[in-house]
Each structure stands twice: as structure tokens, then as C-alpha cells.
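J.: Our numbering puts the sequence shown at residues 407 to 576. Right, I'll just put the structure down here and ask away after.
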Amino acid sequence: MDECQVNSFLAAPREIAKGNTMMHIRPVASTDAHSVAHLVDGLLTELHNGELEFADRVSIAEAVLNQTNRSFGYMALEGESPMGILLMTEGVAIYAGGAFGQITELYVRPEYRSGGVAAALIREATKFGKERGWKRLDVGAPDQPRWARTLAFYLSAGFVEVGPRLRLDL
């Protein structure tokens, strides 16, 4: 994707008309823990074919959202109803040229997909990252080829593939 296409992707408003209602995006707060936990639960259920280990996601969400110096996010809402969530954290690395953002969760409820919700959340994250002086915004795409549509979305948003991500549980 060339710079002009990426800039047009990023140059949309914070509020988007969808039918008779308006979607708006706002930063998440610790008081959003229940909504955030519910949305992330939806994400994990999809990624793991409905086979989830029990976790107190509300408590985890509260703990994450309370780390306001390194945990950030945006929620898309239709009225007061959450449509989607983007959570990110700040890292620092020499290879990244200093501070950078890492998208940790991005989820849009199925009935709102392909309606610009995820793109709007990415725009807000990009704007936020630029304001913080981040050099880049990273994201780990789920397994391929099963999640090819997700990868295609990220590529259309200007992300570039840099290889697989690995994990070591501690």
C-alpha cells in the first residue's frame, strides 16, 4: 500500500454514521473493565474455537486498564453499546527506533464487521501513537491461512508482514 492509500485510510473522523445510529470512539477507562472483558472473551472464543480456559477476565481487565502509564485502548460504541475494542501497550526497542506501540487485542463484534469499525480503531491508535512519539505500531496476526481475512485487513491498513511471532509461557 502506498503512502497516499495509507493516509486516506487514516484520515477518517472519530464518529461514523452507520444506518440511523452514530458510532463513536473513545479511550477506554478502568470503569470499562466489564465491557472490555466481554469483548476480549469474544475474541479469545473465536481464536480458540470456543475452547477457553477459565480466567477472571474482569479482574484481569481491571488490572490492565489501571496501568495507565503503559496500557492504552479505544472502544467503539453504537450509542452506549460496545461494538469493538483495541488495546495496546507501549514498548521500547532499539530495532524499533525507540518507543513503539503493540496492539494486544483488536476485536469487533461479528454483526459490526466490514463496517469500518476496526479501521476507525486503528486510526485512533495511530493518532495516539504519533502523539506519544512512537516510531511504529506492531500487531501479531493470528494463524494463517485460517485467519487470512484478518491478515488482509492489516495489510490494507498499511501494516507489513515481518514474520511469525513466538511465545514462551512463564
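We put the CB at the ideal spot given by N, CA and C, even for glycine.
With burial defined as no fewer than 16 other Cβ atoms inside 10 Å of the residue's Cβ, what is the status of residue 489: buried or exposed?
T.: buried
J.: Using DSSP's beta-bridge definition, name the partner residues of residue 431.
T.: 482
J.: Suppose the cutoff is 8 Å on Cβ atoms and the five residues either side in sequence are ignored; what does the same chain contact list for residue 538 look like?
T.: Closer than 8 Å at Cβ, skipping near neighbours: 496, 505 and 507.
J.: Give the DSSP bridge partners of residue 494, in chain order.
T.: The secondary-structure analysis by DSSP pairs residue 494 across a beta bridge with 478 and 509.
J.: Classify residue 543 as helix, strand or coil using the three-state DSSP reduction.
T.: strand
J.: Using the Cβ count rule (16 or more neighbours within 10 Å means buried), how would you classify residue 535?
T.: Around the Cβ of residue 535, a 10 Å sphere holds 16 or more other Cβ atoms; the residue is buried.
J.: Out of 552, 550, 561 and 555, point me to the one whose CA is closest to residue 543's CA.
T.: 561
J.: Leaving out the 5 sequence neighbours to the left and right, which residues in its chain are closer than 7 Å to residue 463 when beta-carbon positions are compared?
T.: 443, 446 and 447
J.: From residue 556 to residue 570, what does the alpha carbon distance come to, in whole angstroms?
T.: 15 Å
J.: To the nearest angstrom, how far is it from the Cα of residue 437 to the Cα of residue 483?
T.: 15 Å
J.: Please state whether the Cβ-Cβ distance between residue 493 and residue 510 is less than 8 Å.
T.: yes
J.: Indicate the three-state DSSP secondary structure (helix, strand or coil) for residue 514 in the structure shown.
T.: strand
J.: Let's test the definition: count the other Cβ atoms within 10 Å of the Cβ of residue 567 and tell me whether it reaches 16, buried, or not, exposed.
T.: exposed
J.: Please determine, among 516, 541 and 486, the residue with the shortest C-alpha to C-alpha distance to residue 430.
T.: 486
J.: In this structure, how does DSSP classify residue 499 when only helix, strand and coil are distinguished?
T.: strand
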